[in-house]
Amino acid sequence: MQFKMNSKIIILLLVNILVCLAEIPIVINTWKFQHSAQKAWSVLNEGGDSALDALTAGCEVCQNEQCDFTVGFGGSPDENGETTLDAMIFDGDTMDMGAVGGIRSIKNVIKVARHVLERTEHSLLVGSLATQFAKSFGLPKEPLATNYSLNLWREWRLNNCQPNFWKKHPFLE
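Residues in the sequence shown are numbered from 1 upward in steps of one, following this note's numbering.
Here it is as structure tokens:
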């Protein structure tokens, strides 16, 4: 067991050294969203744009492809069958962040989060204010529900709203 742990640490250290010495862009992704990582890498490799540009482009790919149906439109609906979206972007150089939560009718939420980061003093905008903010930058209102997300919601309702993540709510007692 100790050998396995030591070998993992050594591998991580070697990867870290290679990253530090690399003269080509490197993109690391924690999920198997290959197209997203490829897009981020190509942005860095072709234009030398910023890491934020690469991150935004990679996230946009995932939003459009609906990666795992957990990213972007058509994902997990709430108890009313509505899909709302969240996004956060973090600048590792400045330690600044921009985020949106519970945004409705806007598909490109990473772009909205980036606008929060770069164009406001805020860290987070939520709900209808986030939607209004997005519209002020010309982002179109679009439906976020899909047949897939509506079917998920219908199946949940037919299953007596299970799984249910509420605790001690009068509706459940």
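Where is the CB? At the ideal position from N, CA and C, for every residue including glycine. The structure presented is a predicted model; accordingly, all values stated were derived computationally and were not measured.
Which residues mark the beginning and the end of the beta strand (DSSP E) in which residue i is found?
i           : result
residue 124 : 124–126
residue 101 : 96–103
Roughly how many whole angstroms lie between the Cα atoms of residue i and residue j?
i           : j           : result
residue 153 : residue 11  : 43 Å
residue 91  : residue 114 : 10 Å
residue 112 : residue 85  : 11 Å
residue 123 : residue 109 : 14 Å
residue 70  : residue 157 : 20 Å
residue 6   : residue 142 : 50 Å
residue 135 : residue 21  : 42 Å
residue 106 : residue 139 : 7 Å
residue 181 : residue 89  : In the structure as shown, the chain begins at 1 and stops at 173. Residue 181 is therefore absent and cannot be evaluated.
residue 34  : residue 18  : 21 Å
residue 164 : residue 151 : 17 Å
residue 160 : residue 104 : 26 Å
Output the boundary residues of the alpha helix (DSSP H) element that contains residue i.
i           : result
residue 85  : No alpha helix (DSSP H) contains residue 85, which is instead part of the beta strand (DSSP E) from 85–91.
residue 47  : 34–47
residue 149 : 147–158
residue 53  : 51–65
residue 110 : 109–119
Using the beta-carbon count (16 or more within 10 Å), is residue i buried or exposed?
i           : result
residue 59  : buried
residue 162 : exposed
residue 30  : exposed
residue 72  : buried
residue 50  : exposed
residue 120 : exposed
residue 77  : buried
residue 144 : buried
Give me, in chain order, the residues of the same chain whose beta-carbon lies closer than 6 Å to that of residue i; leave out the 5 immediate sequence neighbours on both sides.
i           : result
residue 127 : 102
residue 74  : 66, 146, 148, 149
Cutting at 7 Å between CB atoms, please list the residues of its own chain near residue i, excluding the five before and the five after it.
i           : result
residue 132 : none
Quick one: residues in its chain with C-beta nearer than 8 Å to the C-beta of residue i, no 5 flanking neighbours on either side, listed in chain order?
i           : result
residue 258 : Here the chain has residues from 1 to 173 only, and residue 258 is not among them.
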